[in-house]
Amino acid sequence: MSLSRRRFLTTAAVATLGFPALVRARNLNSRLQVVAVGCDGKGFDDIKEIGSHAAVKYVGFCDVDAGRFRHADAAFPGVPHHADFRAMFAQLGDGFDAAIVSTPDHMHALPALLAMRMKKHVYLQKPLAHSIEEARLLRLEAARHGVRTQMGNQIHSRSEYRTAVRLIQEGRIGKVRATHSWLTNKGNGYTKLATRPPAGPVPPGLAWDLWLGTAAARPYAPAVYHPFNWRDWLDFGSGTLGDFGCHLLDPIFTALKLGAPIDAQADSTGLNPETWCEQETVRWTFPATPFTAPEGVTLHWYDGGRLPDLALARMPAGRTLPANGSILVGEHGAMVLPHVGMPTLYPEETFGLNLSPGERARRQRRLDAGEKDDRTVAAIKPADHRNHYHDWVDAALQGHETSANFAYAGPLTEAVLLGTVAARFSGQRLVWDAPGLRIANHAAADGFVRKGYRDGWKI
C-alpha cells in the first residue's frame, strides 16, 4: 500500500518547499493546527495531552493501522484519517502548522525532517532518532528552519527532575564527578532471539509496507513487531538504553550542562543479527563543565538487572536503591534520584536528614534568612511543575524556545545512541569525534553512526 513513484516525488517536493512561517504564530488567540503521526499507545497519550491545550486544533490523524484511531477519534471526533504521513503533509500543505511524531524509533526522523522542511513545528518522541546521524540532522534542520521543537521526554518538565537539577546547580553535593543510572527492565522478551519469527498474514487494516517505512523489507510476524514489541529489534528500536536513556540521563545532562562525550565503552552480553543485548553497562566520559569535577565526569548506565554499587549512594545500612533511577556522586555527598521521584541527599549526617522536626525548621529559617549553609538541606523545596506538552504549544504560538528542544535533545540523543553502538563492541573504547560526526578509532563501529534506507524512503 505504498505511494506511486509520481505521488511520492510530488510529496517530497512539497516537503522541501519550505512554506513561510505563520504570521499568526505570535498571536495567543490563534489556533495551532496540528497533525499527529502515530495515533495509539504513546501516540494517543501525546494527542490527548497536547490536545488539552485550548489553542490546539487537530486537522489530521495518521496511522498505518486503521484499527488504531479509535481512542483519538473518541477524544477528538471528526479529524480526517490518513495512512501515509507523506500524503497527509502533501494534501494539507499550509493547512497545518505543527506535527506530533509518535512512531517506532526507525520512523522518527523522516516525518520530523519533512515537517520541519515545510516550516512546521515538531513534537517528537524519544529518542529523537534511530541513528546518530539522524539526531544530528534533526538538530541542524530545526535550527535552519527556525521551528519550535520538543522531545517527548516529558519527565524533564516535572517537579522531581527540576528539583534535582536545581539542587545540583546550587552545589548542594558539590562538583559532580560521576553518575550512575539504571533500569531494571529487561526488554520485551526478544533479546535472545537470533532469528526472525515465522511469518504470518498481515491483519486487515495494517499497511505493513508503510509500517516498515525506512527499514529493509521483511515479512510480517503476528504479535511480534507491531504494535509494541519492536523495541528489541535492531531494525526498529534502540534497545533498553535507547528506550529510557533520554529519560534517566536527562536530569544529568540538564543539571551538568553536558554536550558531546569524549568516548564511550560498554560491557554487554552481546548482540545477535536481529535483536539488542539482554544486559549492558555503558560508561561515557565527558569534559568538565562548571558543575563537574575539574577532570570531567563519567556517566554510567546499567540495565537487564545490573545495578551500581550501593555504597556509591552513601545511604544508611538497610536502605535499598529505587527500582529505576540515578546516583549523582559529588564532592560532599550523593544524590539518589528515583525515576519520577524526589531526590534525596546522603550521607544523612551531612545533610541533616536525621534532625528533629524543630531543628530542621530552625535550619531552614536560617537558610531562608540568607545564611551560608550550602551543604545542609533541612527541607528540600520542590521546584514548580511545568506542562511539557503545553510548553511546546505555547512556544509555537509565542515564538520562544522550549527546554527540551532539539538543540538540547539532539546531543543527548547522540550520546545515548553512541552507547548503543558501544554495546555492539563490548569491551572496546570508542573515541567520539563530535565535530566530525565519527568514531575516530574504530572503523567498524563508525559504520553504525549512519544507517541505510530502503529505496523510496531515504532521508
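Our numbering applies: residue 31 is where the sequence shown begins, and numbers increase by one.
Each residue gets a CB set at the ideal place from its N, CA and C atoms; glycine is no exception.
Here the structure is a predicted model, which is why all the values come from computation and not from measurement.
According to the DSSP assignment, Trp212 belongs to no alpha helix (DSSP H) but to the beta strand (DSSP E) extending over 206-213.
Taking Val89 as the centre and dropping the five residues before and after it, the same chain places the C-beta of Gln63, Val64, Val65, Val109, Pro110, Leu122, Gly125, Phe126 closer than 8 Å to its C-beta, in chain order. Taking Gln155 as the centre and dropping the five residues before and after it, the same chain places the C-beta of Ser132, Gly182 closer than 6 Å to its C-beta, in chain order. Inclusion of Leu342 and His210 in the CB contact set at 8 Å is warranted, their separation being smaller than that value. Checking the DSSP bridge columns, you'll see Phe316 partnered with Val327. DSSP, read as helix, strand or coil, puts Asp421 in helix. Using a 10 angstroms sphere on the CB of Pro228, the tally of other CB atoms stays under 16, which defines it as exposed. In the structure shown, the three-state DSSP call for Val446 is helix.
The beta carbon of Tyr419 sits closer than 6 Å to those of Glu79, Ile80, all from its chain and outside the five residues before and after it, given in chain order.
Counting other Cβ atoms within 10 Å of its Cβ, Ala473 stays below 16 and is therefore classed as exposed. Secondary structure of Cys92 (DSSP, three-state): strand. For Asp293, there is no enclosing alpha helix (DSSP H); the residue is part of the beta strand (DSSP E) that begins and ends at 293-298. Taken atom to atom, the span from the alpha-carbon of Thr244 to that of Pro134 is near 11 Å. Sixteen is the threshold: when 16 or more other Cβ atoms of the shown chains lie within 10 Å of the Cβ of Arg313, as they do, the residue is buried.
Thr450 is positioned such that its CB atom lies closer than 8 Å to that of Leu271. A direct Cα-Cα distance of roughly 10 Å separates Ser268 from Phe274. Sorting Val423, Val206, Val461, Gly371 by C-alpha distance to the C-alpha of Ala323 places Val206 at the top.
Remark: C-beta atoms of Cys307 and Thr221 approach each other more closely than 8 Å.
In the three-state DSSP reduction, Glu79 falls in the helix class (H, G or I). In the three-state DSSP reduction, Gln309 falls in the coil class, being neither helix nor strand. Short of 7 Å from the beta carbon of Thr193, and not among the five residues preceding or following it, lie these beta carbons of its own chain, in chain order: Met372, Pro373, Ile410, Pro412, Ala413. No Cβ-Cβ contact shorter than 8 Å links Val479 with Leu240. In the DSSP assignment, His160 falls outside any alpha helix (DSSP H) and carries neither an H nor an E. In the DSSP annotation of this structure, the continuous segment of the alpha helix (DSSP H) that includes Thr284 starts and ends at 280-286. The stretch 137-148 makes contact with the stretch 156-176, as at least three CB pairs between them are under 8 Å. Judged by DSSP in its simplified three-state form, Met365 adopts strand. Inter-segment contact for the stretch 173-190 and the stretch 288-300 is absent: fewer than three beta-carbon pairs are separated by less than 8 Å.
In the structure shown, Gly97 falls within a helical segment according to DSSP collapsed to helix, strand and coil. Membership of Ser132 in any beta strand (DSSP E) is not indicated, and neither H nor E is assigned to it by DSSP.
For the pair Trp331 and Thr305, the CB atoms are not nearer than the 8 Å cut-off.
Here Val65 carries a strand assignment [DSSP, helix/strand/coil]. Exclusion of the five residues before and after Gly204 leaves Gly360, Glu361, His362 as the residues of its chain whose Cβ lies within less than 6 Å of its Cβ. At the C-beta level, Leu168 and Gly348 stay beyond 8 Å of one another. Contact check for Thr443 and Ala159: beta-carbon distance about 6 Å, within the 8 Å limit, so the pair qualifies.
Boundaries of the alpha helix (DSSP H) around Thr193: 189-199.
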